[in-house]
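Engineer: For the sequence shown, numbering that gives the first Met the number 0 assigns the number 0 to the initial residue and increments by one for each residue that follows.
Note that the Cβ used here is the ideal one computed from N, Cα and C, for glycine as well.
Okay, handing you the structure first.
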Amino acid sequence: MEIWDTMNDRVKFFIKGIIIILGVYLGFRFILPLILPFIFAYFLAWIVRPVTEFLYKKIKIPRIIGGSISLILLLSIIGTGLFYLGNMLIKQALNFARNIPVYLNVLAGRLDSICSSCDELLGLAAGSVRAIMDENMLSMVNKVKTDMVPGLTAKTLYYIVKFIGFIGILLIIFISAVLIVKEVPELKTKYKNTEVYNDFNKVFSKLAEAGMAYFRSQLLIMAMVAIICVIGLVLIKNQYALLLGLGIALLDALPVIGSGMILIPWSIMMLFDGNIYAAAILITTYLICQIIREVLEPKLIGNRIGVKPLYTLISMYMGLKLFGVAGFILGPVALIIIITIVKVIDDKETRAYTLDKGTELE
Numbered sequence: 000m001e002i003w004d005t006m007n008d009r010v011k012f013f014i015k016g017i018i019i020i021l022g023v024y025l026g027f028r029f030i031l032p033l034i035l036p037f038i039f040a041y042f043l044a045w046i047v048r049p050v051t052e053f054l055y056k057k058i059k060i061p062r063i064i065g066g067s068i069s070l071i072l073l074l075s076i077i078g079t080g081l082f083y084l085g086n087m088l089i090k091q092a093l094n095f096a097r098n099i100p101v102y103l104n105v106l107a108g109r110l111d112s113i114c115s116s117c118d119e120l121l122g123l124a125a126g127s128v129r130a131i132m133d134e135n136m137l138s139m140v141n142k143v144k145t146d147m148v149p150g151l152t153a154k155t156l157y158y159i160v161k162f163i164g165f166i167g168i169l170l171i172i173f174i175s176a177v178l179i180v181k182e183v184p185e186l187k188t189k190y191k192n193t194e195v196y197n198d199f200n201k202v203f204s205k206l207a208e209a210g211m212a213y214f215r216s217q218l219l220i221m222a223m224v225a226i227i228c229v230i231g232l233v234l235i236k237n238q239y240a241l242l243l244g245l246g247i248a249l250l251d252a253l254p255v256i257g258s259g260m261i262l263i264p265w266s267i268m269m270l271f272d273g274n275i276y277a278a279a280i281l282i283t284t285y286l287i288c289q290i291i292r293e294v295l296e297p298k299l300i301g302n303r304i305g306v307k308p309l310y311t312l313i314s315m316y317m318g319l320k321l322f323g324v325a326g327f328i329l330g331p332v333a334l335i336i337i338i339t340i341v342k343v344i345d346d347k348e349t350r351a352y353t354l355d356k357g358t359e360l361e
């Protein structure tokens with residue numbers, strides 16, 4: 000302790016920062032996968048808690064029964080929504096499958112046109128690009144037959160076991176949520192005035208605030224992207240402008256996919272087809288969508304959670320490098336946890352210093 004007391008404040012801050020960052024990283028890497036089902040369970044319990052408390056206080060239904068009823072109702076609503084959505088997707092998929100021959104004919108004609116344009120542009124003999132494409136497609140089909148299909152067949156049992164494990168995890172989440180609904184009020188009353196509870200509550204409150212900020216920011220950005228896409232598609236006189244615009248906005252919210260997966264190939268096809276106006280509109284729409292997301296996302300999230308946009312952007316990049324796609328969310332979450340823990344420790348040290356000074360004066 001004597002060595003620590005003699006250290007410069009900056010050195011102390013640096014050491015504390017390194018320890019906290021390392022602790023958060025190790026927690027995310029090794030502990031988070033173990034407790035993730037219980038985090039989901041707590042989130043479900045938090046959603047149904049108002050209904051459960053109402054049933055407990057007004058009708059005197061025990062929390063464990065009220066929580067079970069509330070969770071079953073919530074999951075039934077979600078399940079019904081997913082069922083109808085899945086049913087709609089299956090119908091559309093079947094309708095698409097029936098029209099595959101028509102789509103293939105249209106696609107073949109479009110490919111012939113594009114390949115002919117490429118032949119002229121590159122100064123090749125007629126049919127050269129199409130021959131290369133056919134050869135590559137045949138090679139790809141053979142690779143799928145020889146590599147992917149046998150591999151999928153061999154892993155059937157593995158996927159069945161994984162699915163059974165997934166069902167088991169869902170069951171654990173449900174039971175945990177019911178128990179959390181039952182136990183949390185008692186635990187909260189018991190530990191409410193303890194220092195550990197207050198510290199945890201500060202971190203959790205900040206995370207909850209950040210989660211809501213992230214959700215609202217994503218909704219706002221998706222709405223703006225949808226409007227831009229719909230306007231762009233209306234300008235090229237697409238009859239499905241509203242539906243496609245909403246679909247592209249949903250894709251744009253996904254970190255790996257993005258709006259470029261649709262708009263860039265589409266603009267290239269329009270360019271090869273000779274429709275320069277449509278190609279320019281589509282690529283402009285894509286660029287505007289990218290600018291909106293890249294500029295607004297860090298700014299909106301940063302402003303609402305009290306973190307500078309640059310730090311939010313850095314945390315997203317570092318999260319991506321450390322944790323993959325999930326790092327887009329885990330990075331900012333880790334940053335919030337680190338900042339909140341540092342503030343909690345600083346507040347503790349300030350209070351301790353004030354108390355020591357007060358004692359000395361007495």
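Please report how far the alpha carbon of Trp265 lies from the alpha carbon of Ile30, in whole angstroms.
Structural biologist: Residue numbering aside, residue 265 sits at position 266 when the sequence shown is read from its first letter. Residue numbering aside, residue 30 sits at position 31 when the sequence shown is read from its first letter. Trp265 and Ile30: Cα-Cα distance of roughly 43 Å.
Engineer: Helix, strand or coil, according to DSSP, for Ile226 in the structure here?
Structural biologist: As a first step, residue 226 is located in the sequence shown; it is residue number 227 there, counting from the start. In this structure, Ile226 counts as helix in the three-state DSSP scheme.
Engineer: How should Phe327 be labelled, buried or exposed, when 16 other C-beta atoms within 10 angstroms of its C-beta is the threshold for buried?
Structural biologist: As a first step, residue 327 must be located in the sequence shown, where it is residue number 328. Counting Cβ neighbours within 10 Å, Phe327 comes out buried, since at least 16 surround it.
Engineer: To the nearest angstrom, how far is the alpha carbon of Glu134 from that of Ser127?
Structural biologist: Numbered from its first residue, the sequence shown carries residue 134 at position 135. Numbered from its first residue, the sequence shown carries residue 127 at position 128. Each residue's Cα considered, the two are about 11 Å apart.
Engineer: Which term fits Gly122, buried or exposed, when burial requires 16 or more other beta carbons within 10 angstroms of its beta carbon?
Structural biologist: For the purposes of this step, residue 122 is taken as residue 123 along the sequence shown, with counting starting at 1. Gly122 is exposed by the Cβ-count criterion.
Engineer: Taking Leu243 as part of the alpha helix (DSSP H), name the residues at either end of that continuous run.
Structural biologist: For the purposes of this step, residue 243 is taken as the residue at position 244 of the sequence shown. Segment Ala240 to Asp251, the alpha helix (DSSP H) holding Leu243.
Engineer: How big is the Cα-Cα spacing for Ile263 and Val324?
Structural biologist: The count along the sequence shown starts at 1 and reaches residue 263 at position 264. The count along the sequence shown starts at 1 and reaches residue 324 at position 325. About 22 Å.
Engineer: Whole angstroms is fine: what's the gap from Phe39's alpha carbon to Lys11's?
Structural biologist: Mapped onto the sequence shown, residue 39 falls at position 40. Mapped onto the sequence shown, residue 11 falls at position 12. Straight-line Cα distance between these residues: approximately 36 Å.
Engineer: What does a CB cutoff of less than 7 Å around Leu295 pick up in its chain, not counting 5 residues either side in sequence?
Structural biologist: What you label residue 295 is simply residue 296 of the sequence shown in a count that begins at 1. The answer, listed in chain order, is Ile220.
Engineer: Would Val341 and Ile19 qualify as a contact pair, given that the criterion is a beta-carbon distance under 8 Å?
Structural biologist: As a working note, residue 341 is residue 342 in the sequence shown. As a working note, residue 19 is residue 20 in the sequence shown. In contact: Val341 and Ile19 (Cβ atoms closer than 8 Å).
Engineer: If you run the structure through DSSP and keep just helix, strand and coil, what is Ala279?
Structural biologist: By 1-based counting over the sequence shown, the position of residue 279 is 280. Helix, per DSSP.
Engineer: Identify whether Ser69 lies in helix, strand or coil by the three-state DSSP scheme.
Structural biologist: In the sequence shown, the residue the question calls residue 69 occupies position 70. Ser69 falls in the helix class under three-state DSSP.
Engineer: Below 8 Å on the Cβ atoms is my guess for Ala44 versus Val183; work out the distance and round it to an integer in Å.
Structural biologist: Counting from one through the sequence shown, the residue named residue 44 turns up at place 45. Counting from one through the sequence shown, the residue named residue 183 turns up at place 184. The Cβ separation is near 7 Å, so the contact holds.
Engineer: The alpha helix (DSSP H) that contains Ile60, what's its start and end?
Structural biologist: For the purposes of this step, residue 60 is taken as the residue at position 61 of the sequence shown. Segment: none, Ile60 is in no alpha helix (DSSP H) and carries neither H nor E.
Engineer: Out of Ile247, Val47, Thr193 and Lys307, point me to the one whose CA is closest to Gln289's CA.
Structural biologist: Stepping through the sequence shown from its first residue, residue 289 is reached at position 290. The shortest C-alpha separation from Gln289 is found at Ile247.
Engineer: In terms of residue numbering, what span does the alpha helix (DSSP H) encompassing Ser258 cover?
Structural biologist: As a working note, residue 258 is residue 259 in the sequence shown. Taken as a continuous stretch (DSSP letters only), Ser258 belongs to no alpha helix (DSSP H), as it is neither H nor E.
Engineer: Does the beta-carbon of Lys307 have 16 or more other beta-carbons within 10 angstroms, so that it is buried, or is it exposed?
Structural biologist: Here residue 307 refers to the residue found at position 308 of the sequence shown. Lys307 comes out exposed.
Engineer: Compute the distance between the beta-carbons of Arg97 and Cys114, then report whether it is under 8 Å.
Structural biologist: One-based indexing of the sequence shown puts residue 97 at position 98. One-based indexing of the sequence shown puts residue 114 at position 115. No, Cβ-Cβ distance for Arg97 and Cys114 is not below 8 Å.
Engineer: Quick test of the definition: if touching needs 3 or more C-beta pairs under 8 Å, does the region 273-291 touch the region 227-244?
Structural biologist: The region 273-291, when compared against the region 227-244, does touch it at the 8 Å Cβ threshold.
Engineer: Between Gly259, Leu72, Ile77 and Arg48, which has its C-alpha nearest Thr283's C-alpha?
Structural biologist: The sequence position of residue 283 within the sequence shown is 284, counting from 1. Of the listed residues, the one whose Cα sits closest to Thr283 is Gly259.
Engineer: With DSSP collapsed to three states, give me the class of Gly126.
Structural biologist: Walking along the sequence shown from the start, residue 126 turns up at place 127. If DSSP states are grouped into helix, strand and coil, Gly126 belongs with coil.
Engineer: Round the Cβ separation of Ala125 and Asp118 to the nearest angstrom and send it over; I've been treating them as touching at under 8 Å.
Structural biologist: Position 126 of the sequence shown, counted from the first residue, corresponds to residue 125. Position 119 of the sequence shown, counted from the first residue, corresponds to residue 118. Ala125 to Asp118, Cβ: 6 Å. Contact.
Engineer: Are the Cβ atoms of Val229 and Leu241 separated by less than 8 Å?
Structural biologist: Translated into positions along the sequence shown, residue 229 becomes position 230. Translated into positions along the sequence shown, residue 241 becomes position 242. Cβ atoms of Val229 and Leu241: closer than 8 Å.
Engineer: For a test of the three-state rule: what should DSSP assign to Ile17, helix, strand or coil?
Structural biologist: Residue numbering aside, residue 17 sits at position 18 when the sequence shown is read from its first letter. DSSP places Ile17 in helix when its eight states are reduced to three.
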